[in-house]
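The next block holds one structure in the form of structure tokens; read it before the comments.
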Amino acid sequence: MVKGDKINDIIDHKLFSEDDIHEMCVRLGKQLTEDYAGKRPLVVGALKGAIYFLTDLTRQMDVAHQLDFLDVSSYGDGFESTGKIKVVTDMSADVKDRDVLIVEDIVDTGLTLKFMKDLIKKRGAKSVKCCAMLNKEACREVDVDVDYYGSKVGNEFVVGFGLDFLNMYRNIPYVGVLKPEVIQKYVNK
Ligand code: 5GP
Ligand code: MG
Ligand code: MG
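Listed below in structure tokens is the structure:
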């Protein structure tokens, strides 16, 4: 039974704890510090899900960088990508000749990331890479490189640390799996 929408009522089990995610950020931050040494990358957060991961990750990067955001969404807000992608809110920076690092919450089919990388390349960026918190590698439908990622994850729907269900639950401080009854509660509405 779903009593309310308190975290303990809706989460079935935890997959990545706050400590796990902190470790990912430390490891990735160190790598990005090396790889971007001497460059001044433009870090582009994919709204809205990436903001929680981005603030932790960039604080582990000892590289002068600038920050921008891009909101690219597939139509609808259910569980799966529809494949049709549009720019909801564009970046403000000019990416021409910039080293761009896209920060994502999760890469699933790869359609969203491919759309973003193609857009930024088309606008003349010098390089475009992606650092994602999670990588659903087995779910890929298009060929796109996730250049850096925190962990692989299987084909299950995860929430928390930025990841949403119907634009809710992003604030859960870890990544977990929803109880099936929570999904059922909304699916039939
Ligand atoms: P893709 O275009 O790679 O299929 O999907 C990317 C987007 O789908 C992600 O940025 C995320 O918003 C959403 N997504 C994919 N898998 C999950 C998941 O397991 N949980 C949540 N909350 N969102 C997901
Ligand atoms: Mg996303
Ligand atoms: Mg979403």
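Heads up: the sequence shown begins at 1 in UniProt numbering, then just goes up one per residue. Ideal placement from N, C-alpha and C gives every residue a C-beta, glycine not left out.
Confirm the yes/no value for this check: CB of residue i, any heavy atom of ligand 1, distance under 8 Å.
{"i": "A138", "result": "no"}
{"i": "F53", "result": "no"}
{"i": "L111", "result": "yes"}
{"i": "D12", "result": "no"}
{"i": "I106", "result": "yes"}
{"i": "F157", "result": "yes"}
{"i": "S151", "result": "no"}
{"i": "S17", "result": "no"}
Going by beta carbon distance, what residues of the same chain come within less than 8 Å of residue i, once the five residues before and after it are set aside?
{"i": "M1", "result": "Model confidence at M1 stands at a pLDDT of 46, short of 50, so the residue's coordinates are unreliable and nothing is read from them."}
{"i": "V87", "result": "L70, D71, V72 and L119"}
Looking at ligand 3, does it come within less than 8 Å of residue i, judged from the CB to the closest heavy atom?
{"i": "D164", "result": "yes"}
{"i": "G49", "result": "yes"}
{"i": "N167", "result": "yes"}
Could you pull out every residue in the same chain whose Cβ sits closer than 6 Å to the Cβ of residue i, ignoring the five residues on either side in sequence?
{"i": "K117", "result": "V128"}
{"i": "Y148", "result": "L28 and C131"}
I want to check one thing, is the minimum distance from the CB of residue i to the heavy atoms of ligand 2 below 8 Å?
{"i": "A125", "result": "no"}
{"i": "A37", "result": "no"}
{"i": "A64", "result": "no"}
{"i": "A46", "result": "yes"}
Assuming residue i and residue j make a contact with CB atoms under 8 Å, what is their CB distance in whole Å?
{"i": "M61", "j": "D105", "result": "Their Cβ separation, rounded to whole angstroms, is 17 Å, which puts M61 and D105 out of contact at 8 Å."}
{"i": "L42", "j": "H65", "result": "7 Å"}
{"i": "K179", "j": "I10", "result": "6 Å"}
Residues in the same chain with beta-carbon distance under 7 Å from residue i, minus the five sequence neighbours each way, listed in chain order, please.
{"i": "N155", "result": "K136, A138 and C139"}
{"i": "D90", "result": "L70"}
{"i": "G110", "result": "R140, E141, V142 and V144"}
{"i": "K121", "result": "V128"}
*What are the start and end residues of each continuous alpha helix (DSSP H) run of 4 or more residues lying completely inside the UniProt domain "Phosphoribosyltransferase" (23 to 165), in chain order?*
51 to 58 and 111 to 122
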